[in-house]
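Down below is the structure, laid out as structure tokens.
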Amino acid sequence: MLPIHIQNETSRLRAVVLGTAVSNGPTPTADEAYDPKSLEHILAGTYPIESDMITEMEAFNQVFKKYDVEVFRPDIINNYNQIFSRDIGFVIDDIFIKANILPDREKELDAIQYVIDHIDPKKVVRPPEEVHIEGGDVMLWNDYIFIGTYKGSDYKDYITARTNWQGVEYIKQLFPHKKVKDFDLVKSKIEARDNALHLDCCFQPVGKDKGIIYKSGFREEADYMFLVNLFGKENLFHITRDEMYHMNSNVFSIAPDVVVSERNFTRLNNWLRENGFTVEEIPYAEIAKQEGLLRCSTLPLVRDK
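Using the UniProt record's numbering, read the sequence shown as starting at 1 and increasing by one per residue.
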């Protein structure tokens, strides 16, 4: 059995599912785009090619090897995008939650079933059909569970709105001992610079008391202020609209003092080093064109307590 355990975003990582870009399939059509950033690159002819994305993901895999992390990869589905494993499931404490993702993507869960088979079946749950929740919107911070959502009355019209209020309530009922805090995120179907697809597109903790944040990703200033008050403004690295677009908040922690980051995030990476972090820089700019980055590509299974 695999003793799954996740209580925060930064404790020492021991086991993870890393997505794959192998057999990624042809460039989608404009009608097939799930988010405005992918659409932008499809229309511009700059959508990433498979070989470049495989190279980037292998660089990530090599960092995991360096730190002796056990890495699981999905079974290959021919001509299909399986990069973003964070969307399809997530672990809270010792419970594996299968996400109710977009119906087209259900087979991605099947591709990691061999991993789920190593988890105690009593610890694997699937929310009811009306619950929409994706791993990019769920962020653990010890006693807290932060959840990104969208509270607009036009939720059903937004393919970029991924976690609904029923998703928030489901997590509250499943983990009554946790403090569940939801954040109403800014969404756009047409402008990637104004679209917080998931919570990790505009916020993520690093280390033991710090975080990366984009103020304008929150529809309500009170939600932003909650994080400022919790972490302290001096402990938050504020990213710009352009840095949010390039996914600067979507880094990934292997330990409290080790962060994997995109090599072009110069301002962020310098700040991390100034604050005592080891920064493992890798190329990931091609994958970023699909409005996802390092955190999106991972599904952590085991972190130290």
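For every residue, glycine included, the Cβ atom is placed at its ideal position computed from N, Cα and C. In this text the structure is predicted, and so the values were computed from the model without any measurement.
Would you say residue i and residue j are within 7 Å of each other, going by their C-beta atoms?
i           : j      : result
ARG86       : GLY135 : yes
SER38       : GLN290 : yes
ILE254      : ASN248 : no
residue 326 : TYR170 : Residue 326 cannot be examined here, being either before or after the span of the chain that is shown, 1 to 305.
ARG263      : GLU281 : yes
SER297      : ILE83  : yes
ASN270      : SER261 : no
GLY167      : VAL131 : yes
VAL91       : LEU18  : no
ASN79       : GLY25  : yes
PRO256      : GLU9   : no
VAL115      : ILE76  : no
ILE212      : PHE237 : yes
TYR284      : GLU58  : no
Could you please give the first and the last residue of the uninterrupted alpha helix (DSSP H) stretch that includes residue i?
i      : result
SER38  : 36–44
VAL228 : 221–231
GLU56  : 50–66
LEU13  : Looking at the DSSP string, LEU13 is not in any alpha helix (DSSP H); the run it does join, the beta strand (DSSP E), is 13–18.
ASP182 : First-last for ASP182: 179–184, but that is the beta strand (DSSP E), not the alpha helix (DSSP H).
VAL115 : 113–116
GLU173 : Looking at the sequence shown, residue 173 is not Glu but Gln. From DSSP, the alpha helix (DSSP H) with GLN173 extends over 165–174.
Using a Cβ-Cβ cutoff of less than 6 Å, which residues in the same chain neighbour residue i once the five nearest sequence positions on both sides are dropped?
i           : result
ARG14       : VAL302
residue 321 : With the chain represented from 1 up to 305, any question about residue 321 goes unanswered, as that position is not in the structure.
ALA196      : LEU185, VAL186, CYS202 and GLY217
ARG220      : The residue asked about is misnamed: residue 220 is Glu in this sequence, not Arg. So the list reads ASP184, once near-sequence residues are dropped.
ASP200      : GLY136, ASN250 and ARG295
Excluding the five sequence neighbours on either side, which residues of its own chain have a C-beta within less than 8 Å of the C-beta of residue i, listed in chain order?
i      : result
LYS181 : TYR144, ILE145, PHE146, ILE147 and PHE226
GLU191 : PRO36
MET1   : HIS118, ILE119 and ASP120
PRO74  : VAL17, GLY19, THR20, GLN82, SER85, GLU108, ALA111 and ILE112
VAL69  : LEU13, ARG14, ALA15, VAL16 and ILE254
ASN142 : GLN7 and ASN8
Could you name the residues that DSSP lists as bridge partners for residue i?
i      : result
HIS238 : ILE213
VAL138 : ILE147
ARG303 : LEU13
GLY89  : LYS98
GLN82  : THR20
GLU281 : SER261
HIS5   : VAL302
PRO205 : GLY211
ILE133 : ASN100
VAL124 : PHE96
GLU70  : ALA15
Tell me which residue opens and which closes the beta strand (DSSP E) that residue i is part of.
i      : result
ILE254 : 252–255
ILE145 : 144–149
THR29  : Unbroken run through THR29: none, as it is neither H nor E.
Whose C-beta lies closer than 7 Å to the C-beta of residue i among residues of the same chain, with five residues either side of it excluded?
i      : result
ASP209 : PHE231 and ASN235
ASN81  : ASN24 and GLY25
I'd like to know whether the C-beta of residue i is nearer than 7 Å to at least one C-beta of chain D.
i     : result
THR29 : Reference to chain D is not applicable here, since this structure consists of a single protein chain.
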